[in-house]
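Following: one structure in structure tokens, then a few remarks.
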Amino acid sequence: MRRLLDIGATPARQAPSDSLCALMLAAAALPGMIPASAHAVEVEQAQLSFSHYAEGGRQFVRGPAVDLKRPDDLQVDTVRGGLRFRLDDRWKLGFDFSQDTWSGATPYISAPEAFTATSTGASLYVNSASNGSISSSLVDRRTLKPLSRTSGRPAERVLNVMTSASPETRSEGRLSLGREWDEAALEVSGGLSDEPDFRSLSLGAQLRLDFNDKLTSLSIGASGTRSDIDARLGNLSDYIDYGMYRDAAHGPSIVSVAVPGADGSGLATNDVESLHWRGQRKDRSLSLALTQVLDRSTVLSAGVTYARSEGFLENPHKLVTLAFANPATAAAFDFLFTPVFSVPEKRPDSRNQLTWNLRLAKYLPSIGAAAHVEYSHARDDWGVRADTIQARWIQQFGAWRVTPRVRYYTQTAADFYQPYFLFLQRYPRDGANNLDHSRIPLDAWSSDQRLSAFGAFSYGIVVSRRLFDDLQLEIGYEHYAHAGDLKWGGGGEDGFGDFRSERFSVGLSFALDGPAPAPASGDFHGGHDHASGHAHSRHAGGDAPAGVMNAHMTGRAGDFMVAYSYVHDRQKGDMITGSRRAGDAEVLASCGQAGCPVRPAGMTMHMHMLHLMYAPTDDVSLMLMPQMMSMSMRNTALEGGFYTALGGHAHGAMDLSSHTTGRFGDTTAAVAVRVPAPARMNAHVTLGVSIPTGSVDHRMAHHGGDLMDFGMQTGSGTWDFLPSLTLTGTDGRWSWGGQLNAVLRPDRRNKSGYVLGDRFEATSWASWRAHERISLSVRGIYTAQGRVRGALRGDNAVVDALGNTSYVHALHNPADLAANTGGRYLDVGIGASVLLPGREASGDRVAIEWIAPVSEKVNGYQLERTGRLSVHWGMMF
Amino acid sequence: MSAFTRLAKRRMCGVACVLTLFACSGCAGVPAWERGDLARPEMALEPQPGQRALQEHVYSSREAGAAGATGQGGGCGCY
């Protein structure tokens, strides 16, 4: 009866078998056993998904800079994971994380063509000035249309100036705790979001009350977020007037920060002046939603949300063109001199927004489909009115579920939005002829196209398939088109802001409360006592430490394994050469005549990897391993160091304090074959190929666009060969193993001019089952990493005496040099693994391992290593 | 009273009407043994929360109508 009650309390889980589903639905029909009839039942699950978002179709104006490359369109790679489970009948816990990395170009400022300028080799820029100097454009005296300074003809077409930012990574984690009562549920949650210039902490609570025999539910929610913003604007600019926020006593303030880099003459210093825009914002929201069961197959929900934001609401990476047509221009001219200024945007200090939404879900039993229709309307005191309508059709075809979706969105512009601002007056000036911001005849201004009038139409499809009783694969696609012409009722922004985007996603979700896997039979488990200390796996080597790759195979033909690995690697401290610490002078000497302004002071790497493994026969496993990476590097000035600009593309003083990167890494495809081994031991050979899906052209946006060093690229850029031999064995509570593996790189060069060095690794481990579920491990690792062959290909054309042009990389850092890569390393790792409750039959476990350096002998000059953390979660089906 | 507040009040009246409608419709009743379809996963008010989260993150970084989403701790999305 207890079992029946448990089923009744959690009916209709996702993905159980049809018969179990029918049983659950029958149980759900028993009076008093439905937790909330107005809601479909939540599922305890773990899920992991990857998605790729890419924009395109933005206008690009090259101007006379014929050799200027079109900037890469914006791309975002995202990995998301989540885990929800019940602590008992009443309590549940959830954890979600996501990490997204974006790179590419976004709109920075917009202006009429007549107010822009460019020159050979340089990007388009707004022809503005600051620091007391004036740059005058022209407008027609009568019509006020902007006029080309060269032809004198109207050139009023608005252009978007795009800028490529360094890749940035945002990480977010969220914990939630829920408690259910017979007719109520409460969930509290807290989250942290961290990116280089924006950190936020949020707290939220949601209460659901059920009435009317659970046909009606009322949800009340509240949330608060506090964000600290520290946006790195870079070095002082001759074109941008930051005066309004410079050292502001109240509110957001732009301050100078001393950072490592190179000064205007190229000399290394820790006192390069870099501008940072700092401030805080607070967001609060209150929501109320009522959900009503209308009949046996229809649910309606209506809600209202009030959101208030205050503080630093500007987008720190957007500028605005302010132009002042001088009516006092001599009457002899048929134009007006028009000084132009590029300034940061200024938004009101607060925003109040109300959003209403209505959702209808209808199940159509005759065709096994559910239709969802949603409408929402939002309006705020900035003048933005937004309407969204979305429809989804969820069709079940056996184990397949197909969900097509369409969405239309339209919004009006904020009151203070314009693509550029033109005033008919002399520009207000202070005593030093600078723009006097306090006398600009507006309270707020922005040219951020998110605040313009536009519409967006998107369509997409999500296809999901139940792979096993409790594992579901979900693939999604969405096409999104943003256009001024799509605004409802017309009057949208001109086409300069139009773009389109596409998003692909692949996800796996695992129902934690699904039916337990059938016990394995035959050679492996046969329903024996798991407390006996026998090896808990039908995959040999299941006790291997978390950091060992390809440590085991699947057990039998038809087995499928899904695993998630996370690796965090840190380097921090001094530079070393061979096995000893090295001083700045010798590190600098290694850079040669070109010199280096900085050296690495810290580097971190995060990697998320998905392992998919399938066994077509008992002795062969096929594997596919996509991964996502993010890296960040901090630098410090090298005493006596200097920067040598090459190819005439120097950008004055350079903030070289840090840079980050990330995206999808290389993907490994491999086959593992079982080979003969002595009794009580298993051996397998793995032959893998690393497919160069990662990138080798991540560049430093702030520093003239040079390539980042080898270790900051997310891929190798070459097809690599990955052989390994693994031997594992068990004896009572002990298990042990050893592996030889290599990365061989036969390609001559990748597209960035180099090939990473080959790598050889030997590792062996022993693990001891300390408890029925817990194993502890220790291992040793020896690694020989070859030196990089070739060199980073630069963008700086250097012409020698014979007129030959070569492209040389301007050195920032000793890590840019191939001579400072590779070495021999000895490490030791300690780890632990836990057998998952309910998954004993398949030996599924979560393992964690910390690897600490013991000794090393490095080539050239490299940053000291600190350690590596690995986490591995494998599930066998 | 600001125009915004007046508008909010009018909208609140609309919401009250919807609530009344709900209350009336709820009187019809659906016996527990007829609620099987309502308990299906695809009848959750948000049947694809993972996809929804990905979508909303994109929308909130490209549209102005999702200010409330910042209350979810989503960070800047300044791309």
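Residue numbers (our numbering), protein chains in the order written: chain A, 144 to 1020; chain B, 30 to 108. Note that CB positions come from ideal geometry on N, CA and C, so glycine has one too.
Taking a beta-carbon distance threshold of 8 Å, residue 242(A) does not count as an interface residue toward chain B. As for any beta strand (DSSP E) of minimum length 3 sitting wholly inside the segment 339-398 of chain A, the runs are 341-354 and 359-378, ordered along the chain. Three or more beta-carbon pairs separated by less than 8 Å link the segment 826-840 of chain A to the segment 857-864 of chain A, which places the two stretches in contact. Between residue 329(A) and residue 346(A), the C-beta gap is not smaller than 8 Å, which leaves the two residues out of contact. The residue from 700(A), 204(A), 312(A) and 472(A) with its alpha-carbon nearest to that of residue 243(A) is 312(A). Put simply, the CB of residue 199(A) is far from chain B, with every gap to its CB atoms at 8 Å or more. Distance from the Cα of residue 749(A) is smallest, within the candidate group 770(A), 739(A) and 761(A), for 770(A). The criterion of a C-beta distance shorter than 8 Å is not satisfied by residue 378(A) and residue 843(A).
Three or more pairs of CB atoms, one per stretch, sit closer than 8 Å, so the segment 517-529 of chain A contacts the segment 488-503 of chain A. Look at the segment 62-88 of chain B: the residues with a C-beta under 8 Å from a C-beta of chain A are 62, 63, 64, 65, 66, 67, 68, 69, 70, 71, 72, 73, 74, 76, 77, 79, 80, 82, 83, 84, 86, 87 and 88.
Here the alpha carbons of residue 455(A) and residue 757(A) stand approximately 51 Å from one another. The beta carbon of residue 504(A) sits closer than 8 Å to some beta carbon of chain B. Across the structure, residue 554(A) and residue 458(A) are spaced so that their CA atoms are roughly 19 Å apart.
Boundaries of the alpha helix (DSSP H) harbouring residue 86(B): 78-91, taken from the DSSP string. Each residue's CA atom was taken as its position, placing residue 826(A) and residue 361(A) some 59 Å apart. For the 8 Å CB-CB criterion, residue 903(A) and residue 614(A) do not form a contact. Taken through DSSP and simplified to helix, strand or coil, residue 260(A) comes out as strand. According to the DSSP assignment, residue 291(A) belongs to no alpha helix (DSSP H), since it is labelled neither H nor E. By the CB criterion at 8 Å, residue 395(A) and residue 421(A) fall inside the cutoff. Contact of residue 625(A) with chain B by beta-carbon distance below 9 Å involves 91 and 92. Look at the beta carbons and you see the segment 320-328 of chain A touching the segment 219-237 of chain A: at least three pairs across the two are nearer than 8 Å.
Assignment of residue 216(A) by DSSP, reduced to helix, strand and coil, places it in the strand class. Against chain B, the CB of residue 812(A) has no partner CB under 8 Å away; the residue lies outside that interface.
Taken through DSSP and simplified to helix, strand or coil, residue 596(A) comes out as coil. The C-beta distance from residue 997(A) to residue 959(A) rounds to 28 Å, too long to fall under 8 Å, and the pair is not in contact. In the pairwise beta carbon analysis, the segment 551-570 of chain A is classified as touching the segment 624-638 of chain A: at least three pairs are separated by under 8 Å. Closest by C-alpha distance to residue 481(A), out of 465(A), 488(A) and 487(A), is 465(A). Of all residues in the segment 882-903 of chain A, none places a beta-carbon less than 9 Å from a beta-carbon of chain B. For residue 482(A), the secondary structure class from DSSP, reduced to helix, strand or coil, is strand.
Beta-bridge analysis with DSSP links residue 886(A) to 902(A).
Nearest Cα to residue 766(A) within the set 968(A), 712(A) and 702(A): 702(A). Just measuring C-alpha positions, the residue of 501(A), 393(A), 476(A) and 589(A) sitting nearest residue 251(A) is 589(A). With distances taken between CA atoms, residue 498(A) lies nearest to 518(A) out of 472(A), 483(A) and 518(A).
Taking a beta-carbon distance threshold of 8 Å, residue 568(A) does not count as an interface residue toward chain B. In the structure shown, the three-state DSSP call for residue 914(A) is coil. Per DSSP, residue 969(A) lies in no alpha helix (DSSP H); the unbroken beta strand (DSSP E) holding it starts and ends at 966-978.
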